[in-house]
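Structure first, then comments.
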Amino acid sequence: MVGRRKLYLFPILTMLQILKKIILVILLVIVIDKVFTFLFTNYIFTNTLSGESGGSINYVIQKVRNPDFLILGPSRAKHGIDPAQLTALGNGYNLGINGTTVLNSELVLDILIRNNVRPKTVILSADLSDYGEDKRSDMLDQLKKVYPYDTPLIKKYVQKLGYVEEAKYFFGLYRYNRKIANIGFNFLKRNTINNGNGYVGLPDMKDLPEHDYHPENFIYVKESTNAQALKHIQQICEENNIKLIVVFSPSYQNAYYNEAQQKLMIDDLKQEDITVIDLSNINTHPELNSKQYWRDALHFNASGAEAFSKILNTEIKNLLSRK
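Each step along the sequence shown adds one to the number in the numbering used here, with nothing skipped, and position 167 is 204.
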């Protein structure tokens with residue numbers, strides 16, 4: 038009997054030993070992760086002032102502070118709106134980030150407000166294509182663009198993505214995933230950074246490539262994540278005495294324009310008392326519908342951005358005169 042009990046106890050003791058080792062390994066990984074995250078965040082990331090892995094946001098927080106206006110949005114904002122031309126609003130900064138949607142702009146604005154950055158006006162560049170049916174992959178992509186920042190709003194979206202993403206988000210190394218090298222490179226050149234007003238003009242394209250955007254498939258979904266994000270941006274602006282202006286840019290030969298769905302969206306935004314400047318239909322300013330102004334069907338080149346920004350400035354002047 039004693040021999041049998043020993044045989045039974047042996048696998049139990051072995052399993053306990055294995056379990057203890059697993060727990061020790063997990064604890065060790067957590068400690069290493071937290072130590073690395075603390076050191077990298079406080080000594081490297083926080084002092085990185087360029088790049089789209091958070092450096093450009095840090096630059097605004099540390100160097101720009103409280104501009105007359107701030108431009109948020111995707112590449113069509115970053116490369117298509119020159120703050121120097123928006124004289125109606127004063128001195129501004131372009132914090133456009135490539136490949137983003139309104140959800141990302143919501144997260145960025147929240148980060149800025151939490152760091153006491155309060156522009157007088159926010160110019161938000163948006164596109165109808167953002168407001169379709171929600172996709173988990175799209176939400177995750179936009180969240181990862183603001184990792185490693187850690188705010189209650191980011192955590193709220195992480196929770197929506199489920200327990201797996203919450204578990205991953207717990208680890209700082211995951212939030213820095215694929216960004217460490219870029220951040221490290223931008224950190225090394227931090228003392229040479231002068232981002233000017235943030236705007237980056239694009240070169241010319243001699244022959245515009247064929248586009249395949251199919252705007253007829255764009256659908257405005259009022260309850261989509263991006264639509265709700267825009268309304269939250271409005272709320273953030275109201276709470277902080279910031280004027281919000283939402284701008285819709287044109288595309289070459291209306292390659293990105295859906296008239297019916299655009300109208301549905303604009304009508305909804307106006308019902309929410311959101312100020313809109315809708316220039317999405319290129320035919321409202323046919324002078325822009327020339328190859329000389331475009332890098333591709335969606336992005337102005339530097340000449341086009343200057344021309345469009347002047348038109349936008351006139352629209353803003355007219356808007357302010359009616360207030």
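Heads up, the beta-carbon is just placed ideally off N, CA and C, and yes, glycines get one too.
Practice item. Determine the DSSP secondary structure at N291, reduced to helix, strand or coil. Key: Residue state, collapsed to three classes: helix.
Practice item. For V283, write down the residues that DSSP places opposite it in a beta bridge. Key: According to the DSSP secondary-structure assignment, V283 is paired through a beta bridge with L161 and V313.
Review point. Is it true that the stretch 128-135 meets the stretch 92-104, where meeting means three or more beta-carbon pairs spaced less than 8 Å apart?
Key: Judged by pairs of C-beta atoms under 8 Å, the stretch 128-135 touches the stretch 92-104, as three or more such pairs exist.
Review point. Is the beta carbon of I160 sitting closer than 9 Å to the one on L109?
Key: Their beta carbons are under 9 Å apart, which means I160 touches L109 by this criterion.
Practice item. Rounded to whole angstroms, what's the CA-CA distance from S162 to Q271? Just pull it up for me. Key: C-alpha separation (whole angstroms): 13 Å.
Review point. Who pairs with L109 in a beta bridge, going by DSSP?
Key: Bridge pairing for L109: L161 [DSSP].
Point to revise | Three-state class that DSSP yields for F207 in the structure shown | key: DSSP places F207 in coil when its eight states are reduced to three.
Exercise for review: Find out if the Cβ-Cβ distance for the pair G117, H336 is shorter than 9 Å.
Suggested key: In contact: G117 and H336 (Cβ atoms closer than 9 Å).
Check your understanding: Comparing alpha-carbon positions, which option in Q290, D305 and N152 lies nearest Y250?
Key -> The residue from Q290, D305 and N152 with its alpha-carbon nearest to that of Y250 is Q290.
Review point. Beta-carbon separation of I314 and L357 under 9 Å?
Key: No, the Cβ-Cβ distance between I314 and L357 is not below 9 Å.
Review point. The beta strand (DSSP E) with N131 in it runs from where to where?
Key: Residues G129 to N131.
Review point. Taking the alpha-carbon positions, what's the Y294 to I273 distance?
Key: In this structure, the straight-line span from the alpha carbon of Y294 to that of I273 is close to 29 Å.
Review point. How many Å lie between P111 and M52 at the Cα?
Key: Answer to the nearest angstrom: the Cα atoms are 53 Å apart.
Review point. Identify the residues that DSSP records as bridge partners of F337: which are they?
Key: Paired residue(s): W331.
Point to revise | Residue environment, F207, which counts as buried when at least 16 other CB atoms sit within 10 Å | key: Of the residues assessed, F207 falls on the exposed side of the cut-off, its CB having fewer than 16 other CB atoms within 10 angstroms.
Review point. Can you round the beta-carbon distance between V145 and V183 to whole angstroms, since I take them to be within the 8 Å contact cut?
Key: By a beta-carbon distance limit of 8 Å, V145 contacts V183. Their separation comes to about 7 Å.
Review point. By a C-beta neighbour count over all protein chains shown, 10 Å radius and 16 as the cutoff for buried, is I359 buried or exposed?
Key: Contrary to the premise, residue 359 reads as Arg rather than Ile in this sequence. Per the 10 Å Cβ criterion, exposed.
Practice item. Take A334 and list the residues in its own chain whose beta-carbon comes closer than 6 Å to its own, dropping the five residues that flank it on each side. Key: Cβ neighbours of A334 beyond the five flanking positions: H248, S288, Y289 and A292.
Practice item. Measure the beta-carbon distance from I256 to Q298 and round it to whole angstroms, keeping in mind my assumption that it falls under 8 Å. Key: About 6 Å separates the two Cβ atoms, so the contact holds.
Exercise for review: Give me the Cβ distance between L140 and N277, rounded to the nearest whole Å; I'm assuming they're in contact under 8 Å.
Suggested key: Taking C-beta atoms under 8 Å as the contact rule, L140 and N277 fail to qualify, at a distance of about 19 Å.
Check your understanding: Are A339 and E324 closer than 9 Å when you measure CB to CB?
Key -> 9 Å or more divides the Cβ of A339 from the Cβ of E324.
Practice item. Determine the contact status of D37 and V68, defining contact as a CB-CB distance below 9 Å. Key: The question about residue 37 has no answer, for the chain in this structure spans 38 to 360.
Review point. Ordered along the chain, which non-local residues of its own chain (more than five positions away) have a Cβ less than 8 Å from that of N318?
Key: Cβ within range, chain order: P287, N291, Y294, E296 and Q299.
Review point. Could you give the distance in angstroms between the alpha-carbon of P209 and the alpha-carbon of P185?
Key: Note that residue 209 is Gly in the sequence shown, not Pro. Taking the straight line joining both Cα atoms gives about 7 Å.
Exercise for review: Can you tell me which of E352, S166 and L190 puts its alpha carbon nearest to the alpha carbon of S261?
Suggested key: By alpha-carbon distance to S261, the top candidate from E352, S166 and L190 is S166.
Practice item. Pull up the distance between the alpha-carbon of N228 and that of P156, whole angstroms please. Key: When rounded, the distance between both Cα atoms is 25 Å.
Check your understanding: Start and end of the alpha helix (DSSP H) containing D147?
Key -> According to the DSSP assignment, D147 belongs to the alpha helix (DSSP H) that extends over V139 to R151.
Exercise for review: With DSSP collapsed to three states, give me the class of P323.
Suggested key: Residue state, collapsed to three classes: helix.
Point to revise | Close-in-space but distant-in-sequence residues of the same chain around L198 (CB under 7 Å, 5 per side omitted) | key: Cβ neighbours of L198 beyond the five flanking positions: R173, M176 and L177.
Point to revise | Residue from G341, T74, K192 and S87 with nearest C-alpha to I220 | key: I220 has its Cα closest to that of S87, out of G341, T74, K192 and S87.
Review point. Shortest alpha-carbon distance to P246 belongs to which of F222, V62, R332 and V97?
Key: Comparing Cα-Cα distances from P246 to each of F222, V62, R332 and V97, the minimum goes to R332.
**Study point:** Reference I279, options F75, N103, I60 and K57, closest by Cα
**Key:** Measuring from the Cα of I279, the nearest candidate turns out to be N103.
Practice item. Going by CA-CA distance only, name the one from P252, L281 and N223 that's closest to E143. Key: Taking E143 as reference, the option from P252, L281 and N223 with the minimal CA-CA separation is L281.
Review point. What are the start and end residues of the alpha helix (DSSP H) that includes E260?
Key: Element bounds for E260: n/a, residue is neither H nor E.
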